[in-house]
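Some notes on the structure that comes next.
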Ligand code: A2P
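Numbering (the working numbering), first residue to last: 5 to 207.
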C-alpha cells in the first residue's frame with residue numbers, strides 16, 4: 005500500500021502502443037487502465053499465490069533486480085523498509101533497475117530521494133544518446149563483490165521482475181560472478197530456491 009492504513013491498491017502501468025518489434029498495437033489491459041476516468045469502478049481479483057512476499061524478519065537483506073514496470077514490487081518493498089528505518093532493524097537493500105532512459109523509469113524521482121544508507125541503487129539505461137547501452141546484468145557484473153557476498157548470505161532474498169529476456173542475462177551474470185568468487189551457481193541456485201530466497205516474475 006502506498007498509504008499505510010488505507011485500503012489502497014497501487015499499480016505500475018506502462019501504456020503499450022507498440023509490440024517489441026515496434027509495430028503499432030494496443031495493449032488490452034494497459035490501455036483499459038490508462039483510459040479509466042477518475043472515480044470509475046473497477047473489478048479486482050487476486051492476489052494469486054505467494055511468490056513475491058518479502059522477508060519480514062529484522063536483519064534480512066534484499067537483492068532486487070528489475071526492468072520497467074517490474075519495479076512495482078521493488079517499490080513496495082523499499083517503501084516498507086523506508087517506513088521502518090527508524091527501527092534500525094538492519095539488513096541491506098540493493099536495487100538494479102533497467103530502463104531505456106531516466107525519463108522512462110517509473111519512480112525515478114522518489115527513488116532519487118531515498119536515503120543513500122537505506123538502499124544501494126544501480127541504474128542501467130539502454131537508450132541514452134551518446135552513452136553505451138547498458139542492461140541490469142552489466143551493472144550486476146560491475147558490482148560483483150557485493151553480489152557474490154549477498155548471494156551467499158543466508159539472510160539475503162533475491163527478487164527478479166520484468167522482461168522475460170533479462171532472466172537469461174541475469175542468470176549468466178550470477179554464474180560468472182560465482183565462479184569469480186569461488187562459489188558454484190549450479191549448486192547455489194537450488195539452495196536459494198529451497199530456502200525461498202529466489203523469486204522470479206517475468207513476462
Ligand atoms: P532495450 O533498450 O534494449 O529495449 P521496456 O522499456 O521495453 O519495458 O524495457 C525496460 C528495459 O529492459 C529497457 O532498457 C530494455 O532495453 C531492457 N531490456 C530489453 N531486453 C533485455 C534483456 N534481454 N536483458 C536485460 N534488459 C533488457
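Glycine is no exception: its CB is placed at the ideal position from the N, C-alpha and C atoms.
In this text the structure is predicted, and so the values were computed from the model without any measurement.
Do you know offhand how far residue 65's Cα is from residue 154's?
For this step, residue 65 is matched to residue 61 along the chain shown. For this step, residue 154 is matched to residue 150 along the chain shown. If you take the alpha carbons of residue 65 and residue 154, they lie about 8 Å apart.
Residues in its own chain within less than 6 Å of residue 163 by CB, not counting five upstream and five downstream?
Within the chain shown, the letter at position 159 stands for residue 163. Excluding positions up to five away in sequence, the list reads 68, 203.
Check whether the region 91–107 touches the region 189–205, counting contact only when three or more Cβ pairs, one atom from each stretch, lie closer than 8 Å.
no
Buried/exposed call for residue 77, threshold 16 Cβ in 10 Å:
By one-based count along the chain shown, residue 77 stands at place 73. With 16 or more Cβ atoms within 10 Å of its Cβ, residue 77 is classed as buried.
Cα-Cα separation between residue 44 and residue 174, rounded to whole angstroms
Residue mapping note: residue 44 aligns to position 40 of the chain shown, counting from 1. Residue mapping note: residue 174 aligns to position 170 of the chain shown, counting from 1. If I take the Cα positions, the gap works out to 39 Å.
Comparing the CB of residue 169 with every heavy atom of ligand 3, is any distance shorter than 6 Å?
For ligand 3, the structure offers nothing, since it holds only ligand 1.
With contact counted as at least three CB pairs below 8 Å, one residue from each stretch, are the region 126–145 and the region 105–117 in contact?
yes
Under a Cβ-count criterion, where at least 16 other Cβ atoms within 10 Å of its own Cβ denotes burial, should residue 149 be classed as buried or exposed?
For the purposes of this step, residue 149 is identified with residue 145 of the chain shown, where counting begins at 1. It is exposed - the Cβ of residue 149 has fewer than 16 other Cβ atoms within 10 Å.
Would you kindly report the start and end of the unbroken alpha helix (DSSP H) that includes residue 207?
As a first step, residue 207 is located in the chain shown; it is residue number 203 there, counting from the start. Element bounds for residue 207: n/a, residue is neither H nor E.
Bounding residues of the beta strand (DSSP E) (the contiguous stretch that carries residue 103):
Taking the first residue of the chain shown as 1, we reach residue 103 at position 99. That run of the beta strand (DSSP E) goes 97–103.
Closest by CA to residue 70, which one among 91, 80, 84?
Translated into positions along the chain shown, residue 70 becomes position 66. The shortest C-alpha separation from residue 70 is found at 80.
Pick from 73, 119, 113: whose alpha carbon is nearest that of residue 90?
Residue 90 sits at position 86 when you count from the first residue of the chain shown. Nearest of 73, 119, 113 to residue 90, Cα basis: 119.
Residue 163: first and last residue of the uninterrupted beta strand (DSSP E) it sits in:
Counting from one through the chain shown, the residue named residue 163 turns up at place 159. Here the beta strand (DSSP E) through residue 163 covers 160–166.
Put residue 187 into one of helix, strand or coil per three-state DSSP.
Taking the chain shown and counting its residues from 1, the one referred to as residue 187 is at position 183. In the structure shown, residue 187 sits in coil (DSSP, three-state: anything other than H, G, I, E or B).
For residue 128, name the three-state secondary structure that DSSP assigns.
Walking along the chain shown from the start, residue 128 turns up at place 124. Three-state DSSP puts residue 128 in a strand.
Could you spell out the range, first to last residue, of the alpha helix (DSSP H) harbouring residue 70?
Position 66 of the chain shown, counted from the first residue, corresponds to residue 70. First-last for residue 70: 65–71, but that is the beta strand (DSSP E), not the alpha helix (DSSP H).
Residue 131 beta carbon near ligand 1 (any heavy atom closer than 6 Å):
The residue you call residue 131 lines up with position 127 of the chain shown. Within the cutoff, so yes.
Please state whether the Cβ-Cβ distance between residue 213 and residue 51 is less than 7 Å.
Residue numbering for the chain in the displayed model covers 5 to 207; residue 213 lies beyond these limits and cannot be assessed.
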